[in-house]
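Everything in the sequence shown is counted per the working numbering, starting at 4 for the first residue and increasing by one.
To start, the structure under review is shown below, and the notes come after it.
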Amino acid sequence: YKRQVHGEHFPYQRRAMARRTVKVGITRKYGTRYGASLRKIIKKFEVQQHSRYQCPFCGKHTVRRLAVGIWRCKACHKVVAGGAWELATSLALTAKSTMLRLKKLREETAAAAEQPQVVAQPEAPAPGKEGAKKEGQKGGKKEGPKKGGAKGGPKKTGPAAGGKK
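See the structure below:
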């Protein structure tokens with residue numbers, strides 16, 4: 004075969020490199036030691052800890068792990084405490100959502116307490132009409148016979164009480 008010069012291709016095609024770790028991935032370094040199940044568990048953790056995460060401050064995917072539980076954004080240089088293998092653990096997300104929900108509820112109740120409550124008051128009758136009170140007349144609710152209920156004695160039932168047969 005004849006070789007080309009100055010960066011030209013060889014007359015044969017170069018093949019891409021074969022993928023060497025299809026299944027084992029990052030745990031290839033352990034070889035056949037420790038057992039397949041343990042290597043799968045370790046693979047999950049190591050992939051999580053070496054991947055990049057979205058920064059909660061700037062929104063870029065540049066947060067990387069510095070040490071156990073310490074994460075740093077390369078873009079905005081913020082350092083965040085997080086989980087050992089991932090930035091936000093499921094337990095931390097649950098606690099955060101609960102705290103936000105309770106904070107929102109507390110703000111709503113505080114806002115409702117600050118607003119004056121408007122209570123509809125009955126209209127007073129105009130002076131000079133029949134319903135107007137005279138000076139010496141007692142006002143208030145008329146007291147009549149109490150009807151049955153929890154405090155007013157036994158409740159009548161049946162046809163004597165005027166109910167249906």
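Each residue gets a CB set at the ideal place from its N, CA and C atoms; glycine is no exception.
Bridge partners - residue i, DSSP secondary structure assignment
{"i": "V82", "result": "R75"}
Proximity below 8 Å, CB of residue i to CB of residue j
{"i": "T30", "j": "I45", "result": "yes"}
{"i": "A78", "j": "G85", "result": "no"}
{"i": "E89", "j": "Q51", "result": "yes"}
{"i": "A95", "j": "G72", "result": "no"}
Where residue i falls, given that 16 or more other Cβ within 10 Å makes a residue buried
{"i": "R68", "result": "buried"}
{"i": "R42", "result": "buried"}
{"i": "Y37", "result": "exposed"}
{"i": "Y4", "result": "Below a pLDDT of 50, predicted positions are generally treated as unreliable, and Y4, at 49, falls in that range; the measurement from the model is reported next regardless. By the neighbour-count rule (16 or more Cβ atoms within 10 Å), Y4 is not buried but exposed."}
Whole-angstrom C-beta distance between residue j and residue i, which should lie under 8 Å
{"i": "C58", "j": "K81", "result": "7 Å"}
### Task
Jot down the residue ranges of each uninterrupted alpha helix (DSSP H) in the stretch 18 to 77, minimum 4 residues, whole runs only, in chain order.
For the stretch 18 to 77, whole alpha helix (DSSP H) runs of length 4 or above, ordered along the chain, are 39 to 53.
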